[in-house]
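Undergrad: What follows is a single structure, and I will ask about it in a moment.
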Amino acid sequence: MISSVLVGCKENVSNNVPTVEQTTTNQKVAQDKSTIPIPDNIIFYNKGKESVIDKKDSKYNDVVNLTKERIKGIRGIYKSIIDINGLKSKGSLLEFNYTAAQTFEYVTTQGEKTIISYTKLYFNVDVNDSQNIFMDFEGGQGHAPIGPLSSPDKLSIILNNK
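For the sequence shown, counting from 1, position 133 maps to 1391 in my numbering; every step adds exactly one.
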């Protein structure tokens, strides 16, 4: 018999207090189904410059596929702060935008299935920043960096290749 319990998990990150729905069963979740849908558009911020990568752009599919590869290792929420505005002006940041709310599901290191909702995803792609192992989100359950992500090295090469 499998029983489910909905638990509100709260993390204080910056001034935001997000709530993340967690569904826990008495059995370990067998498979991580973490994936993200194709965004409506992508904005790349690089040291204060902003460029839109839409579905017609030759980089679009590579950026989406490499980002999907980066998120496969996500295992939980981190008590870290990602300075989104700072990365937009001084670092390298990818912003995935969606017109409708989306959900993302992953399995924590304890085997619990966690679901977040969002309309924007943020990925630090600055290869020299130790915070590049986290992603952040907004427009759903608030802000809470989750990770770890794999290295942004390949993504950085594609994004910075004119």
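The C-beta atom is built at its ideal place from N, Cα and C for all residues, glycine as well.
1. Can you name, in chain order, every residue of its own chain whose Cβ lies under 6 Å from the Cβ of Thr1361, other than the five neighbours on each side?
2. Within 10 Å of its beta-carbon, does Ala1358 have 16 or more other beta-carbons around it, so buried, or fewer, so exposed?
3. Could you say which of Leu1417, Ile1300, Ile1391, Lys1313 lies nearest to Arg1333 if we only look at CA atoms?
4. Going by alpha carbons, who is nearest to Phe1354 out of Asp1298, Gly1397, Lys1307?
5. Based on the DSSP secondary-structure assignment, which residues constitute the bridge partners of Phe1381?
6. By a C-beta neighbour count over all protein chains shown, 10 Å radius and 16 as the cutoff for buried, is Ser1350 buried or exposed?
7. Give the single residue among Leu1324, Ile1300, Ile1301, Thr1366 whose Cα lies nearest to the Cα of Ile1415.
8. DSSP three-state label for Asn1386, please.
9. Could you tell me the boundaries of the beta strand (DSSP E) in which Asn1323 lies?
10. Applying the criterion that 16 or more other CB atoms from any shown protein chain within 10 Å of the CB defines a buried residue, is Gly1306 buried or exposed?
11. Tell me whether the beta-carbon of Pro1406 lies closer than 8 Å to the beta-carbon of Gly1331.
12. Would you mind sorting Ile1300 into buried or exposed? The rule is 16 or more other CB atoms within 10 Å of its CB.
13. If you reduce the DSSP assignment to three classes, tell me which class Gly1344 lands in.
14. Thinking just about the alpha-carbon of each residue, which of Ile1329, Asp1387, Tyr1380, Lys1378 is nearest to the one in Val1365?
TA: Straight from the coordinates:
1. For the purposes of this step, residue 1361 is taken as residue 103 along the sequence shown, with counting starting at 1. Excluding sequence neighbours, Thr1361 sits near Ile1373, Ser1375.
2. Locating residue 1358 in the sequence shown gives position 100, where the first residue counts as 1. Its Cβ having fewer than 16 others within 10 Å, Ala1358 is exposed.
3. In the sequence shown, counting from the first residue as 1, residue 1333 sits at position 75. Residue Ile1391 is the option with its Cα nearest to Arg1333.
4. Position 96 of the sequence shown holds residue 1354. It is Asp1298 whose Cα lies nearest to the Cα of Phe1354.
5. Indexing the sequence shown from 1 puts residue 1381 at position 123. Beta-bridge pairing links Phe1381 to Leu1352, Met1393.
6. Locating residue 1350 in the sequence shown gives position 92, counting from the first residue. Ser1350 comes out buried.
7. What you label residue 1415 is simply residue 157 of the sequence shown in a count that begins at 1. Of the candidates Leu1324, Ile1300, Ile1301, Thr1366, the one whose C-alpha sits nearest the C-alpha of Ile1415 is Leu1324.
8. Position 128 of the sequence shown, counted from the first residue, corresponds to residue 1386. Coil.
9. Numbered from 1 along the sequence shown, position 65 holds the residue referred to as residue 1323. Looking at the DSSP string, Asn1323 is not in any beta strand (DSSP E); the run it does join, the alpha helix (DSSP H), is 1318–1328.
10. Here the question's residue 1306 lines up with position 48 in the sequence shown. Label assigned to Gly1306: exposed.
11. In the sequence shown, residue 1406 corresponds to position 148, counting from 1. In the sequence shown, residue 1331 corresponds to position 73, counting from 1. Yes, Cβ-Cβ distance for Pro1406 and Gly1331 is below 8 Å.
12. Within the sequence shown, residue 1300 is the residue found at index 42, counting from 1. Buried.
13. Position 86 of the sequence shown holds residue 1344. Looking at Gly1344 - three-state DSSP - the assignment turns out to be helix.
14. As a first step, residue 1365 is located in the sequence shown; it is residue number 107 there, counting from the start. Nearest C-alpha to Val1365: Ile1329.
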